[in-house]
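Undergrad:
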Amino acid sequence: MKPHNRIVLGLACTLVGLSAWAGVRGDSRQVVVEDNWRAYGTLSTARNSTDSLQAISCAISSFDSGYSIVSCSARSSTGQSLICTSLNPLIIETARAINGDSYIMFTLDAEGNCTSLTVMQSSGFEPKQP
Amino acid sequence: MSMNGKWFAATLVLVGVSSFLAGRQTGSTRDDAVLRELQQVRSRLDALATRDAATARPAPAAAPTTVDTSRLSAELAQVLRDELARAPLTARPAPTPAPAPVEPTPQATRAHQQARQLLDDAARARRWTTEDALAFRRALVDMTPAQRDEAIRWLVTAINSQSLDVQTQGSPF
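Order-wise, the sequence lines are chains X and D. Note that this note's numbering gives residue 35 to position 35 of the first sequence, counting from 1, and the numbers run on in steps of one. Offset between the second sequence (1-based) and this note's numbering: plus 1000.
(1) Could you pull the DSSP bridge partners for N113(X) from this structure?
(2) Contact criterion: CB-CB distance below 8 Å. Does S1163(D) meet it with respect to chain X?
(3) Quick one: what does DSSP say D27(X) is sitting in, helix, strand or coil?
(4) In the DSSP assignment, find the beta strand (DSSP E) that holds T42(X) and state where it starts and stops.
(5) Which residues of the stretch 52-70 of chain X have a Cβ closer than 8 Å to any Cβ of chain D? Give them in chain order.
(6) At a Cβ cut of 8 Å, what residues of the stretch 80-95 of chain X count as close to chain D, listed as they run along the chain?
(7) Using 8 Å as the Cβ pair cut-off and three pairs as the minimum, do the stretch 66-85 of chain X and the stretch 28-43 of chain X touch?
(8) Quick one: using the 10 Å Cβ neighbour count with 16 as the cut-off for buried, is V24(X) buried or exposed?
(9) Would you mind sorting L1118(D) into buried or exposed? The rule is 16 or more other CB atoms within 10 Å of its CB.
(10) Would you tell me roughly how many angstroms separate the C-alpha atoms of D101(X) and E126(X), rounded to the nearest one?
(11) Are the beta-carbon atoms of Q1107(D) and D1149(D) separated by less than 8 Å?
(12) At a CB-CB cut-off below 9 Å, which residues of chain X make contact with V1156(D)?
(13) Strictly under 8 Å for the Cβ-Cβ distance: is N36(X) near chain D by that measure?
(14) Just the chain D side, please: which residues come within less than 9 Å of R47(X) by C-beta, in chain order?
(15) Against chain X, does V1141(D) count as a neighbour if the rule is that its beta carbon must be under 8 Å from one of theirs?
(16) Go ahead and label G66(X) buried or exposed: buried means 16 or more other beta carbons lie within 10 angstroms of its beta carbon, across all protein chains shown.
(17) If you measure between the beta carbons of I104(X) and L43(X), is that distance less than 8 Å?
(18) For W1154(D), I'd like the list of residues in its chain whose CB is within less than 6 Å of its CB, leaving aside the five on either flank, ordered along the chain.
(19) Who are the Cβ neighbours of E93(X) in its own chain at under 7 Å, not counting the five residues just before and after it?
(20) DSSP on A1100(D), reduced to helix/strand/coil?
(21) Just how far apart, CA to CA, sit S28(X) and T45(X)?
(22) Could you check the C-alpha separation between Q1147(D) and D109(X) for me, to the nearest Å?
(23) Do the CB positions of I56(X) and A95(X) come within less than 8 Å of each other?
(24) For chain D, is any of its Cβ atoms less than 8 Å away from the one on G26(X)?
(25) Got a sec: is the Cβ-Cβ distance from V1166(D) to anything in chain X below 8 Å?
(26) Give the residues from the stretch 1121-1136 of chain D that approach chain X closer than 7 Å (Cβ to any Cβ), ordered along the chain.
(27) Comparing C-alpha positions only, which one of E1037(D), V1166(D), D1046(D) sits nearest to E1131(D)?
(28) Is there a C-beta anywhere in chain D that falls below 8 Å from the one on R75(X)?
(29) Quick one: what does DSSP say T118(X) is sitting in, helix, strand or coil?
(30) Around the Cβ of T1105(D), are there at least 16 other Cβ atoms within 10 angstroms (buried) or fewer (exposed)?
(31) Give the DSSP-derived three-state secondary structure of D1142(D) in the structure shown.
(32) Are the C-beta atoms of S1171(D) and some chain X residue less than 8 Å apart?
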């Protein structure tokens, strides 16, 4: 085989390998706050956003009196904020599944009680940039 | 009339009477047979009628029966009351005692007042900062559960009404 052909063959193999590598990526979900009832977004996307406003998080606080509470909050790129809290053990358990790049969606009632919490992990979500 | 004629006439009369009697006898026998047959049929019909009456669905009452649900409910309630009254006390589930409200300690009262002060200040400044969140979280630790619920409700209401600009790095508390 001529050297030129070898190079072409090597390049072809490399390209085939790269295409096998690629999966669904770039699933970026900005933080959205819908009126006063729902908010969602991906932690990594919020962090990687160029604006300095987007944020979404959940926090669990437990006290020695046996009291545990989860609070989930979100702020959109327009500065609209929403927060809900819950003492429901199921919602607290769901919040424990959140990791650094999770997608979070929560809904709330008029008094700010979380009525649902969804946590999703996906290979398509962008990782947090340093 | 000659002797032969008399005999001929007597024979005719005898044959007629015999025939009449024979016919009469035959008719009577046939009638008896028919009567017996009829009797048997009647017996069978009576038997069938009796059997049908026993197995047939009862005829509906002259007027449809209406269910008095209120009376049934009252009776059922009475039965339940009687049964419950008869049930031994140990069989009844013990009522769950309501958690006694925790009397706030002076420390808890102070923490609650601090949280209230924090929120009032934030409402005036129209912003909720990371420092506010840290101070609020510290105050929550010393509060009673009821005070904690109340303080968190204040903050949640303020944030969701967009009267506070949340500037925290992370969770608002």
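Using N, Cα and C, we set each Cβ at its ideal position, and we do this for glycine too.
TA: Taking the geometry as given:
(1) T85(X)
(2) no
(3) strand
(4) 38-42
(5) A55, S57, C58, A59, S61, F63, S65, Y67, I69
(6) Q80, S81, L82, I83, C84, T85
(7) yes
(8) exposed
(9) buried
(10) 7 Å
(11) no
(12) S71, I83, C84, T85, L108, E111, G112, N113
(13) yes
(14) None at all; the shortest Cβ gap to chain D is about 11 Å.
(15) yes
(16) exposed
(17) yes
(18) L1119
(19) none
(20) coil
(21) 6 Å
(22) 21 Å
(23) no
(24) no
(25) yes
(26) none
(27) V1166(D)
(28) yes
(29) strand
(30) exposed
(31) helix
(32) yes
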